[in-house]
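Protein chains in written order, with the working numbering: chain A, 98 to 541; chain B, 12 to 255.
See structure below.
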Ligand SMILES: Cc1cc2nc3c(=O)[nH]c(=O)nc-3n(C[C@H](O)[C@H](O)[C@H](O)COP(=O)(O)OP(=O)(O)OC[C@H]3O[C@@H](n4cnc5c(N)ncnc54)[C@H](O)[C@@H]3O)c2cc1C
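Structure follows, in structure tokens:
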């Protein structure tokens, strides 16, 4: 059916003929069609990675295939969303090995973007936990691949943004938990030096992430709140929770009612928001036990919060810089605070080691911030891109909607190997998105 | 204990939504479809999510000679039978192709009638059971754009009301479901008005409630009743000139 679609950033928005399927053979038949297309999950990537004139939605292809509750191995079709997975595994004492900041993404999307979570420095990205998967290639062939089987296809599919084929089945391992609660610690950092030191000091924590104020200048430049967490053991939780330690959190959601005009989100509101956020955290350190829901998915409580950025949409700019490029992080943050366009959603995290073919994470600092689309934004982001490049970093394809092909070319060291595998499994660019065309990874 | 539920046509979007709804509410299932391989993922899904028993049965609603054997094969007879099986192709193609015409009639009318006769007889003997048939508002008046499908559904609707009448004294209940537009694969090629179109999960909810409350006839989305009331009451002399 033809319809208007956009991803989470509401930019760009295009018309697409979106088809659905429920069975593997239906997918195999669809794949053989003449026009190029791209697989689409829940549309929670921010930019144009799952946009194309023809798309195939995996959302009806969402069945659980097996769950080994002893070993913690889960197998499902690619359109199953993480919220559904959690509802099944948490009551039985298991958790996702890696989760992004929203539970409204599909397993296919988790693999295709090779998503990372707050535990990257300990557990790596999602693909590190994939045991095996099926990918449907251009002629409808089903390839079963793993780190040892069709390993080239496996490597290029993890983080490959749907360009090797449509992921149909994924088998992955889970993390054992005793309770559905998180022991949380929040630490206030006065400035950038302070927060980077705190990250370092607390790198034994499984989960860590910081909210950073991009607008603050002077002495408080880089002030932030570090949020640390561990899965709580039974003895960590209050007695009243112990009766049902694996209880699922209630799923209350408020709907963001309408698109706000984007001027509402000007410098002032951003400042006000930051002020409030700090006001809540008067003490330097707060320790508490919370359900996993607010810890991992604070934003999921407000459905469609992306409307807050107005009709024109927004860009989430996320990059990673090597650890030795601290100067780069400082320089980029200065640029952002000078420009005064930073959002209230700036997230800082330290990644651990990873050196995959095309996955985004690598050891270093990653910063993500939301910026409403407006005149002059793209040239400014081009300037930031140049800095990211200069300091040996790169951008996350899952957030990107506007990077130039040269930037990609010069920042992903294994890009040509990736392209070679694409030309093997996707020689006619049958799988192609607005993003892959823009970045010259595919060409029609 | 809940009776088990037989879903005839379980690989359809409505069939899958019904399976989910009943499994969620603790009913064991027998899922029947032409291609039972397609049912394996649904079977594992429901067993893992809801821990309910889920049996799979291969059958073809148009193979009337196999119906008795199919029913006999079931060790424990499901106490609720829901017939979702149906087939719709573009009317232009159907009217030009006799095989398509007969397939439309067999899948929507003669096949279901032949099978439900067998099941109803068994229920009547036991003095209990529930049968739900998914017909269509398309059967309430023949329109030039869809009258082969519509007439088959009209036949099915008439069959269900007759069956309800006959079964009443045997303690067996029969529910007629009259959906309007539904967002399913069957209608994927049509441009349907959003407001009038029901999602499979909504349809399944309504059917589930209809069965529990032993309703006779239900429309999915209330206004269909009134839309069809009007359509049925347009005088034929006017109706025949309309492009409907
Ligand atoms: C609030 C919020 C927080 C987020 N936090 C994080 C975070 O912490 N870490 C992180 O890594 N990401 C994060 N993300 C990004 C998100 O996790 C990824 O973009 C994810 O890929 C989205 O999955 P999706 O199912 O929505 O897929 P889409 O957005 O529809 O698609 C994303 C990509 O996956 C491909 N794809 C989807 N399904 C398949 C399939 N079956 N086969 C092949 N290719 C497929 C698409 O072609 C596209 O390239 C966040 C997003 C939001 C909105």
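Positions of the beta carbon are idealized from the N, C-alpha and C atoms, including for glycine.
With a cutoff of 8 Å on beta-carbon distance, residue 394 of chain A and residue 277 of chain A are scored as not near each other. Of the residues A:493, A:235, A:115, the one whose Cα lies closest to the Cα of residue 131 of chain A is A:235. Distance from the CA atom of residue 198 of chain B to the CA atom of residue 237 of chain A, rounded to whole angstroms, is 24 Å. The beta carbon of residue 161 of chain A sits closer than 8 Å to some beta carbon of chain B. Shown in chain order are the members of the region 33-55 of chain B whose Cβ falls below 7 Å from a Cβ of chain A: 49, 52, 53, 55.
Residues of chain A with a Cβ closer than 7 Å to the Cβ of residue 59 of chain B are, in chain order, 161, 164, 185.
Leaving aside the five residues that flank residue 328 of chain A on each side, the residues in its chain whose CB is nearer than 6 Å to its CB run, in chain order, 274. In this structure, the CA atom of residue 164 of chain A is about 23 Å from the CA atom of residue 347 of chain A. For residue 151 of chain A, the uninterrupted beta strand (DSSP E) segment begins and ends at 151-154.
Excluding five sequence positions before and after residue 228 of chain B, the CB atoms of its chain that fall closer than 6 Å to its own CB belong to 187, given in chain order.
For residue 24 of chain B, the enclosing alpha helix (DSSP H) covers residues 24-35.
Taking CB atoms only, residue 30 of chain B has no neighbour in chain A less than 8 Å away. The beta carbon of residue 538 of chain A is closer than 7 Å to those of 260, 516, 519 in its chain, skipping five residues each way along the sequence.
Residue state for residue 408 of chain A is assigned as coil, using DSSP reduced to three classes. Following the DSSP letters along the chain, one finds residue 308 of chain A inside the beta strand (DSSP E) bounded by residues 304-309. Under a criterion of Cβ atoms nearer than 8 Å, the residues of chain B adjacent to residue 98 of chain A are, in order, 199, 202. With a threshold of 8 Å between beta carbons, residue 120 of chain A makes contact with chain B. Not flagged as an interface residue toward chain B: residue 125 of chain A, since no C-beta distance is shorter than 8 Å.
Contact annotation: residue 57 of chain B and residue 40 of chain B have beta-carbon atoms nearer than 8 Å. Not a single C-beta of chain B is nearer than 8 Å to the C-beta of residue 101 of chain A. For residue 91 of chain B, the enclosing beta strand (DSSP E) covers residues 91-94. Here the C-alpha atom of residue 93 of chain B lies approximately 48 Å from the C-alpha atom of residue 456 of chain A. For residue 44 of chain B, the enclosing beta strand (DSSP E) covers residues 40-44. Contact note: residue 174 of chain A reaches chain B through 52, using a C-beta cutoff of 7 Å and chain order. In the structure shown, the three-state DSSP call for residue 81 of chain B is helix. For the pair of segments examined, the region 526-541 of chain A was found not to touch the region 15-26 of chain B: the number of CB pairs separated by less than 8 Å stays below three. With a beta-carbon spacing of about 5 Å, residue 177 of chain A and residue 204 of chain A fall inside the 8 Å limit used to define contacts. For the options B:190, B:209, B:185, the alpha carbon positioned closest to that of residue 223 of chain B is the one of B:185. Taking 7 Å as the cut-off, the C-beta of residue 142 of chain A counts as close to a heavy atom of ligand 1. Nearest C-alpha to residue 78 of chain B among B:161, B:250, B:128: B:128. Inter-residue distance for residue 391 of chain A and residue 292 of chain A is about 22 Å (C-alpha atoms, whole angstroms).
The beta-carbon distance between residue 262 of chain A and residue 528 of chain A, rounded to whole angstroms, is 6 Å. This is short enough to meet the 8 Å contact definition.
Beta-carbon to beta-carbon, residue 323 of chain A and residue 284 of chain A are separated by about 4 Å, close enough to satisfy the 8 Å threshold.
For the 8 Å CB-CB criterion, residue 410 of chain A and residue 138 of chain A do not form a contact.
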